[in-house]
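First the structure, in the form of structure tokens, and then the observations on it.
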Amino acid sequence: MANTTLSGQIALPSAQIGSTPKRKPIKASRIALYAALIVLTAIWLLPFFSALLTSVRTQDEISLNGFWQPDLSALTLDNFPAAWEQARVSRYLGNSFIVTIPSLIATLFLSSLSAFALARYRFKLALPLYFMFVAGTMLPFQILLLPVFKMMNDLRLYNTYGALIIIHTAFQMGFCTMVLRNFMKTIPNDIVEAARVDGCSDFRIYWQIIMPLTLPAMAALATLEFTWIFNDYLWALILIQSEALKPITAGLAGLRGQFTTNWPLITAGSLIGVLPTLFVFAFLQRYFIQGLTLGSGK
Amino acid sequence: MATLAATVTQRPDRAGKRQKINWTPYLFLLVPLAVYATWIIFPMLFSFYLSLTSWDGVSPIPSPDQLSLGNYDRLLGLPLNGANPPDRDFVTAFNNNVTWVIVFLTVPTTLGLGLAMIFNSNIRGARWFKISFYAPLILSFVVIGTIWMWIYEPRAGILNSVIVGASQALASVFPFITPLERGPGWLADRNLALASILGAAVWRQVGYVMILYLAGLKNLDPSLVEAAKVDGASPWQLFRKVIFPLLAPITTVVLVISVIDSLRSFDLVQVMTPLGGASNVLANFMYIEAFNNYQFGYGASIAVVLLSISLVIIIPYLYVSVRKELDY
Numbered sequence: 001m002a003n004t005t006l007s008g009q010i011a012l013p014s015a016q017i018g019s020t021p022k023r024k025p026i027k028a029s030r031i032a033l034y035a036a037l038i039v040l041t042a043i044w045l046l047p048f049f050s051a052l053l054t055s056v057r058t059q060d061e062i063s064l065n066g067f068w069q070p071d072l073s074a075l076t077l078d079n080f081p082a083a084w085e086q087a088r089v090s091r092y093l094g095n096s097f098i099v100t101i102p103s104l105i106a107t108l109f110l111s112s113l114s115a116f117a118l119a120r121y122r123f124k125l126a127l128p129l130y131f132m133f134v135a136g137t138m139l140p141f142q143i144l145l146l147p148v149f150k151m152m153n154d155l156r157l158y159n160t161y162g163a164l165i166i167i168h169t170a171f172q173m174g175f176c177t178m179v180l181r182n183f184m185k186t187i188p189n190d191i192v193e194a195a196r197v198d199g200c201s202d203f204r205i206y207w208q209i210i211m212p213l214t215l216p217a218m219a220a221l222a223t224l225e226f227t228w229i230f231n232d233y234l235w236a237l238i239l240i241q242s243e244a245l246k247p248i249t250a251g252l253a254g255l256r257g258q259f260t261t262n263w264p265l266i267t268a269g270s271l272i273g274v275l276p277t278l279f280v281f282a283f284l285q286r287y288f289i290q291g292l293t294l295g296s297g298k
Numbered sequence: 299m300a301t302l303a304a305t306v307t308q309r310p311d312r313a314g315k316r317q318k319i320n321w322t323p324y325l326f327l328l329v330p331l332a333v334y335a336t337w338i339i340f341p342m343l344f345s346f347y348l349s350l351t352s353w354d355g356v357s358p359i360p361s362p363d364q365l366s367l368g369n370y371d372r373l374l375g376l377p378l379n380g381a382n383p384p385d386r387d388f389v390t391a392f393n394n395n396v397t398w399v400i401v402f403l404t405v406p407t408t409l410g411l412g413l414a415m416i417f418n419s420n421i422r423g424a425r426w427f428k429i430s431f432y433a434p435l436i437l438s439f440v441v442i443g444t445i446w447m448w449i450y451e452p453r454a455g456i457l458n459s460v461i462v463g464a465s466q467a468l469a470s471v472f473p474f475i476t477p478l479e480r481g482p483g484w485l486a487d488r489n490l491a492l493a494s495i496l497g498a499a500v501w502r503q504v505g506y507v508m509i510l511y512l513a514g515l516k517n518l519d520p521s522l523v524e525a526a527k528v529d530g531a532s533p534w535q536l537f538r539k540v541i542f543p544l545l546a547p548i549t550t551v552v553l554v555i556s557v558i559d560s561l562r563s564f565d566l567v568q569v570m571t572p573l574g575g576a577s578n579v580l581a582n583f584m585y586i587e588a589f590n591n592y593q594f595g596y597g598a599s600i601a602v603v604l605l606s607i608s609l610v611i612i613i614p615y616l617y618v619s620v621r622k623e624l625d626y
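In structure tokens:
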């Protein structure tokens, strides 16, 4: 999982550098570059193409004609409603939202509190605590699996939405705290001092001054975290057992066992399952990219 | 980018008075730290304890007087009670992780940097090309695994269709080539399973590295690059002697991420080869031992070993970051 972006700040765009062609570019090398790029891009798009084409066919037709000679008159959209209802993709998607939205809100809120404390106060534990959060973002999940499984069982939270919400909130806090703390550190102190002189309480400084200024980082972080939590598979595998509670990732993984030889149905289900993150990506692309680079700007 | 001078919001002390502890930051930290300590710190320590037990996940957890290094002995072949070899499945998983690290440190990094360099020049259509490379990042590993399993499907999948089709086309032109009846088994083939999974993993990782390098390139000081150009540096010299050294901080982050992600790999292996075996990595080996074989104690010891390996990267990285932070 790529959720290891490291200690961070938002990268501020500055002037573009690179080979601005002042001299006449050499034609042949330019063409070769384009050709190579087009081939590589085509390879990169092939999996998407394979999935899209498969989702509108039937397994029998694919077996009969092979992948590359689809019978265009036999194309069908039936796989999508079948995945939505028979394969319970609608249910799984709903579960994913039920888990993702509260986790996202909780982890962002809690992280903003700890980030504020670590960024805006000077106290002995500030740095050790900060690095505890940073280290936490790089842990292998496996070190937490068994105790968390046991604790959720003891608290009777095993096989509930609550279990997933709690663990996502806790685990994502490390990364969010790190990013928000570094962002809050860049806010000039004058603003805060002015407010303090006016008799502003610490909580109001957090809520009414720092938080509004942190919104750009929050937006980028929220976009990224939405994708990460929504796409989690491991915790769903460990903490959810009931078919009715599975999020889309665990649900799709289960589909394959159930409809082993119906690739069109499985692919159609996967494509539906991708829609929410695709939606986020299409409309919040800038934030998503910014989020991914949040960690590396230093 | 320099962080602005560390900010102090503590109230200035009145002269002569001893400084009192300001409890306000701890108040803000109270709830987040409680959550973090309960669900991250405590479980981590608890895993260490479990790794010394023979817990099966169902019966009560063994008490402290029943602890032993037995799990580690079985896993690593410690010289405790005579020489025994390490667990063969562990060796397989460990080697696969090493392969994963090597591939991640070389392939997506080079491709990602190359693509970032290309897209950073004003090439036409860069925006659309770029999207094809970072689109895989929004997919879950389950979806990536599913899509690629179908690509690797031995009979009708896209890959073998191409291979078999190409071999037949070649055979019709060159009579000395025998056309292939069937392509490789890919995921079903012990020798190809890991490479097949890595194909899917690299497909995703390239876009990530590219994004990181693109951000780094945007932050480079254009005057340095201009100066080198004025001095008549060739494009390769410009890259080799100016741009790449300036990207060093990004490269560090990319390398650290590559190793950490390799050690964390689980989902793809679990989805694409659910039965495990030849393609297992440590994370899956741990999961299988604990949840399929009910050997929670043994599983915990695998997790501890995996964590220890990760620390080889985490600790130096933290050390450097701490020193940087103290410089401000």
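Protein chains in written order, with our numbering: chain A, 1 to 298; chain B, 299 to 626. Each residue gets a CB set at the ideal place from its N, CA and C atoms; glycine is no exception. Every value quoted in this text rests on a predicted model; they were computed, and no experiment measured them.
I need the straight-line Cα distance from residue i to residue j, nearest angstrom please.
| i | j | result |
| --- | --- | --- |
| Ala491/B | Ala82/A | 31 Å |
| Val356/B | Val620/B | 42 Å |
| Val507/B | Trp44/A | 15 Å |
| Leu139/A | Thr476/B | 51 Å |
| Ser103/A | Val396/B | 34 Å |
| Leu164/A | Leu239/A | 7 Å |
| Tyr324/B | Ser560/B | 36 Å |
| Asn95/A | Gln241/A | 13 Å |
| Asp71/A | Glu243/A | 36 Å |
| Val399/B | Arg372/B | 25 Å |
| Gly162/A | Leu435/B | 27 Å |
| Ser532/B | His168/A | 49 Å |
| Tyr130/A | Leu110/A | 14 Å |
| Leu146/A | Phe564/B | 16 Å |
| Pro21/A | Leu536/B | At Pro21/A, the pLDDT of 48 sits below 50, so the modelled position is not reliable; the number obtained from the coordinates is stated separately. So the two alpha carbons sit approximately 14 Å from each other. |
| Phe158/A | Val99/A | It should be pointed out that residue 158/A corresponds to Tyr in this sequence rather than to Phe. Using only the alpha carbons, I get a separation of about 14 Å. |
| Thr249/A | Thr444/B | 11 Å |
| Asp198/A | Thr177/A | 28 Å |
| Ala2/A | Pro452/B | Note that Ala2/A scores a pLDDT of 39, beneath 50, so its modelled location is shaky; the value from the coordinates is reported in the next line. Looking at the two C-alpha atoms, the distance is approximately 29 Å. |
| Gln285/A | Leu545/B | 24 Å |
| Leu518/B | Leu64/A | 55 Å |
| Asn369/B | Arg562/B | 22 Å |
| Ser55/A | Phe589/B | 33 Å |
| Arg57/A | Gly254/A | 21 Å |
Tell me the residue span of the alpha helix (DSSP H) that contains residue i.
| i | result |
| --- | --- |
| Asn418/B | 386 to 418 |
| Gln258/A | 248 to 258 |
| Trp84/A | 79 to 85 |
| Ser361/B | Per DSSP, Ser361/B belongs to no alpha helix (DSSP H) and is neither H nor E. |
| Gly423/B | Element bounds for Gly423/B: n/a, residue is neither H nor E. |
| Asn379/B | It is not in any alpha helix (DSSP H) - Asn379/B carries neither H nor E in the DSSP assignment. |
| Leu299/A | The structure shown has nothing for residue 299/A, since chain A only spans 1 to 298. |
Pick helix, strand or coil for residue i, following the three-state DSSP scheme.
| i | result |
| --- | --- |
| Val329/B | helix |
| Val540/B | helix |
| Ile43/A | helix |
| Pro614/B | helix |
| Tyr592/B | coil |
| Trp353/B | coil |
| Gln285/A | helix |
| Gly291/A | helix |
| Trp484/B | helix |
| Tyr233/A | coil |
| Glu479/B | coil |
| Leu118/A | helix |
| Glu61/A | helix |
| Asn320/B | coil |
| Ala135/A | helix |
| Pro21/A | Low confidence applies here, because Pro21/A scores a pLDDT of 48, under 50, leaving its location unreliable; read the following figure in that light. Residue state, collapsed to three classes: coil. |
| Pro299/A | For residue 299/A there is no data in the structure shown, the boundaries of chain A being 1 and 298. |
Could you tell me whether any Cβ in chain C is nearer than 9 Å to the Cβ of residue i?
| i | result |
| --- | --- |
| Trp398/B | Note that chain C does not occur in the displayed structure, where the protein chains are A and B. |
What residues from the segment 432 to 452 of chain B come within 9 Å of chain A, judged by C-beta to C-beta, listed N to C? Tyr432, Ala433, Pro434, Leu435, Ile436, Leu437, Ser438, Phe439, Val440, Val441, Ile442, Gly443, Thr444, Ile445, Trp446, Met447, Trp448, Ile449, Glu451
Mind checking the segment 321 to 346 of chain B against chain A and listing, in chain order, the residues whose C-beta falls within less than 9 Å of any C-beta there? Thr322, Pro323, Tyr324, Leu325, Phe326, Leu327, Leu328, Val329, Pro330, Leu331, Val333, Tyr334, Thr336, Trp337, Ile338, Ile339, Phe340, Pro341, Met342, Leu343, Phe344, Ser345, Phe346
If the cut-off is 9 Å on Cβ atoms, which residues from the segment 253 to 272 of chain A count as contacting chain B, listed in chain order? Ala253, Leu255, Arg256, Gly257, Trp263, Ile266, Thr267, Gly269, Ser270, Leu271
Chain B contacts from the segment 139 to 154 of chain A (Cβ-Cβ distance under 9 Å): Leu139, Pro140, Phe141, Gln142, Ile143, Leu144, Leu145, Leu146, Pro147, Val148, Phe149, Lys150, Met151
Output, in sequence order along the chain, the residues in the segment 559 to 593 of chain B whose CB is closer than 9 Å to any CB in chain A. Asp559, Leu561, Arg562, Ser563, Phe564, Asp565, Gln568, Val569, Pro572, Leu580, Ala581, Met584, Tyr585, Ala588, Phe589
Ordered list of alpha helix (DSSP H) runs contained in the segment 140 to 216 of chain A, each at least 4 residues: 142 to 154, 161 to 185, 189 to 197
Restricting to runs no shorter than 4 residues, where is the alpha helix (DSSP H) found entirely within the segment 506 to 539 of chain B? 520 to 528
Interface residues of the segment 68 to 102 of chain A facing chain B [CB-CB below 7 Å]: Trp68
If the cut-off is 7 Å on Cβ atoms, which residues from the segment 271 to 288 of chain A count as contacting chain B, listed in chain order? Gly273, Val274, Thr277, Leu278, Phe281
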